[in-house]
Amino acid sequence: MYRQRAGAAAKGRVQGCGCLMSSTVLLLLAYLAYLALGTGVFWTLEGRAAQDSSHSFQRDKWALLENFTCLDRPALDSLIRDIIHAYKNGASLLSNTTSMGRWEFVGSFFFSVSTITTIGYGNLSPNTMAARLFCIFFALVGIPLNLVVLNRLGHLMQQGVDHCASRLGVTWQDPGKAQWLAGSGALLSGLLLFLLLPPLLFSHMEGWSYMEGFYFSFITLSTVGFGDYVIASCLLSDMRKLSAQQTIGWTSESPGVLLKCRLMGLPLK
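Be aware that the sequence shown starts at 1, since it is given in UniProt numbering, and climbs by one per residue.
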């Protein structure tokens, strides 16, 4: 009798999970489309300003080289101000290139994700008024959308744990023990994937110690985002390396999102 009830319950959960998966896929597509919208707008609005800042800095740098013997204090102060301004705009200026730096496509996407997930590292921020105004409206819509996605994914994760617990309960004839084991396995897996393994990647890509990588992972997971440790915070001339590191930075946020999903999904049945 217990096996029949458990089998019927499992069948009902599978059917319900199929409908939930379909709606979740549509929700995720809408979520990605919204991120793509934000990426494109920020890239357009901030990219031009960053490029202008880069060009301005290159002109000043060549002027300094050509007139080095005549360099005076006001000229040096002006150059320093331009360097600071270019750095805030995320321009890559270590060679003769005039790249837009962190406001390239990947950087714009990274900023969009950190905005709607409320992490906000603070290492990159809009400098044009148009981008700042758009950021307000983007966050007003994106943050609730992010919470809806987290809630839905958390529900799916909870269903996965319940499904494992149900199968173990049928095998062991002990639902309580099965639920405890499934929940413990999910918790340990989350700790391993979200906190213990990412620092190894950061140690390789950023040269951080394991504890520094663990600290960054925890600050990201908790969405505190102090900004004292940020992926690819240095200006790099090789934009492919910058793009790769920022992509890893985005994936480091994904475990935090999934962990929040798990917590937010627990009350849902």
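Ideal Cβ placement from N, Cα and C applies to all residues, glycine included. Since the structure is predicted, the reported quantities are computational estimates derived from the model, not experimental observations.
In its own chain, which residues sit with a C-beta less than 8 Å from the C-beta of residue i, not counting the 5 before and 5 after it?
i	result
alanine 30	Leu145
May I have the straight-line CA-CA distance separating residue i from residue j, to the nearest angstrom?
i	j	result
histidine 85	leucine 196	37 Å
leucine 35	phenylalanine 42	11 Å
serine 189	leucine 27	26 Å
alanine 50	arginine 59	14 Å
leucine 139	leucine 168	A small correction: the amino acid at residue 139 is alanine; leucine does not occupy that position in the sequence shown. Approximately 43 Å, taken between the alpha carbons.
phenylalanine 194	methionine 157	15 Å
leucine 201	threonine 24	30 Å
leucine 187	tryptophan 103	37 Å
serine 203	leucine 191	18 Å
glutamate 66	serine 53	20 Å
Return the Cβ separation of residue i and residue j in integer angstroms, given the expectation that the two are a contact with Cβ distance under 8 Å.
i	j	result
tyrosine 215	tyrosine 229	7 Å
isoleucine 136	isoleucine 116	The Cβ separation is near 12 Å, so there is no contact.
proline 199	glycine 185	Proline 199 to glycine 185, Cβ: 22 Å. No contact.
alanine 131	glutamate 206	Between glutamate 206 and alanine 131 the Cβ distance is about 27 Å, and since that is not below 8 Å, they are no contact.
glycine 40	glycine 122	Glycine 40 to glycine 122, Cβ: 23 Å. No contact.
alanine 165	tryptophan 172	10 Å between Cβ atoms; not a contact.
serine 112	glycine 38	4 Å
glycine 225	glycine 107	With a Cβ gap of about 16 Å, glycine 225 and glycine 107 do not count as contacting.
If you follow the alpha helix (DSSP H) that residue i is in, where does it begin and where does it stop?
i	result
residue 270	The requested residue 270 is not part of the displayed model; the chain covers only 1 to 269.
glycine 122	Per DSSP, glycine 122 belongs to no alpha helix (DSSP H) and is neither H nor E.
glutamine 179	175–191
isoleucine 116	105–116
threonine 171	129–172
Might you give, ordered along the chain, the residues of its own chain that have their beta carbon closer than 7 Å to the beta carbon of residue i, omitting 5 neighbours on each side?
i	result
threonine 118	Ile143, Thr223
alanine 182	Val161, Cys164, Ala165, Leu168
serine 56	Asp82
lysine 241	The pLDDT assigned to lysine 241 is 44, lower than 50, so where the model puts this residue is not dependable, and the model offers no usable value.
Quick one, which of the options has its alpha-carbon nearest residue i's?
i	options	result
isoleucine 219	Ser114, Cys19, Asp174	Ser114
cysteine 19	Phe105, Met129, Arg152, Val148	Arg152
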